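Note sheet for the following structure.
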Amino acid sequence: MESHRFDAAVYARRLAAAAAAAADAGLAGLVITPGYDLRYLVGSRAQTLERLTALVLPASGDPTVVVPRLELASLKGSAIAELGLAVRDWVDGDNPYDLVGAALGGAPAATAVTDAMPALHLLPLAGVLGALPVLATEVLRMLRMVKEECEVDALRKAGAAIDRVHARVPEFLVPGRTEADVAADIADAIVAEGHSEVAFIIVGSGPHGADPHHGYSDRELQAGDIVVVDIGGTYEPGYNSDSTRTYSIGEPNPEVAEQYSVLQRAQRAAYEAVRPA
1 MESHRFDAAV YARRLAAAAA AAADAGLAGL VITPGYDLRY LVGSRAQTLE
51 RLTALVLPAS GDPTVVVPRL ELASLKGSAI AELGLAVRDW VDGDNPYDLV
101 GAALGGAPAA TAVTDAMPAL HLLPLAGVLG ALPVLATEVL RMLRMVKEEC
151 EVDALRKAGA AIDRVHARVP EFLVPGRTEA DVAADIADAI VAEGHSEVAF
201 IIVGSGPHGA DPHHGYSDRE LQAGDIVVVD IGGTYEPGYN SDSTRTYSIG
251 EPNPEVAEQY SVLQRAQRAA YEAVRPA
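Residue numbers for the sequence shown follow the UniProt record's numbering, so the first one is 1 and each next one is one higher.
Here is the structure:
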């Protein structure tokens, strides 16, 4: 299994680029709570809970991590210590939002926050900063879209891993087995093929294939069923695979075969038409 994070130098470059992007956007800084943005910037797998954990990234100045003292262990495994970031821990009775404000240089401060920041943190933070923050998506989107070679490599490996899972799916699709039976086999295969965890599994057989987010059920597979299998897992350090394929239990009927052929031709035409810019 791959390491849970990249070398610290990767995160140092990301932090510098994010701070520069915040400055270009006219912001005092970014406040990043746990989630994919925090993992992207410092390699942390901390979770969002009722007590505030946040990376405070000023547009100019040194980053600070604000974390409850009882959650300090959640920072282990991240690049925070290796990067030498300041850590301000707090206990119940302290005001962590004041710590965020101080790390940004005081109010009023125009900031951007991660999209998934809970309201129970966003509203007190806005009160301390004197303004409602904007979303950090506009600041971080382009940074995250441009991939370094280490990221491209992780994505290639994630794609290859989920391809290996799909190669095993036909052996799971046996009439009389349930969608849930198939999903359990797929979950085992996702981990066995190199993912650290299962992200999602959809096994939509027969009429359930019309629901794009069906999940799976106790419906038994039948000969002649068309089965939609949409699956993905997390490949370290934090890059998800996501692949949907359509299977037929036995030979598909002529109508299904024709519809599939039309879709295949349309997809091929689009693929061949795509060009940079």
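A virtual CB, placed ideally from N, CA and C, is assigned to each residue, including glycine. Just so we're clear, the structure is a prediction, and the values are computed from it rather than from any experiment.
Is the Cβ-Cβ distance between residue i and residue j less than 9 Å?
i	j	result
A189	S217	no
L122	A107	no
A23	S60	yes
P96	P68	yes
V165	I231	yes
R51	L70	yes
Just verifying my parser: in three-state terms, what is the DSSP assignment at residue i?
i	result
V229	strand
L30	strand
P63	coil
L236	Inspection of the sequence shows that residue 236 is occupied by Glu rather than by Leu. The answer is coil: DSSP assigns E236 none of H, G, I, E or B.
P68	strand
L135	strand
Y247	strand
D181	helix
D211	coil
E50	coil
D94	strand
E258	helix
E193	coil
Once the 5 residues before and after residue i are set aside, which same chain residues still bring their CB inside 6 Å of it?
i	result
L85	P63, V65
H4	G77, E236, P237
A109	A28, L129
E2	A caution first: E2 carries a pLDDT of 49, below 50, which makes its placement in the model unreliable, though a value can still be read off. Only E236 meet the Cβ criterion.
Give every residue of the same chain whose Cβ lies closer than 7 Å to the Cβ of residue i, excluding the five residues on either side of it in the sequence, and list them in chain order.
i	result
A54	V31, I32, T33, V66, V100
G159	S241
If you follow the beta strand (DSSP E) that residue i is part of, which residue opens it and which one closes it?
i	result
P58	54 to 58
V87	86 to 90
V198	197 to 205
V113	111 to 113
In its own chain, which residues sit with a C-beta less than 8 Å from the C-beta of residue i, not counting the 5 before and 5 after it?
i	result
L72	V87, D89
Q222	P175, S205, G206, I249
T246	G209, I226, V227, V228, V229, Y260
I need the boundaries of the alpha helix (DSSP H) containing residue i, first residue and last residue.
i	result
A19	8 to 24
H166	149 to 172
A119	119 to 129
Distance, Cα to Cα, residue i vs residue j?
i	j	result
A184	E193	14 Å
R265	V169	24 Å
A8	A19	17 Å
V146	R275	17 Å
A112	T234	27 Å
A79	V262	49 Å
R144	E138	11 Å
residue 289	D211	Residue 289 is absent from the structure shown; the chain starts at 1 and stops at 277.
L125	F200	33 Å
V228	A187	16 Å
V198	H214	16 Å
L155	A102	38 Å
M117	A269	41 Å
Would you check whether the ligand FMN has a heavy atom nearer than 8 Å to the C-beta of residue i?
i	result
R39	The ligand FMN is absent from the structure shown, which contains no ligand whatsoever.
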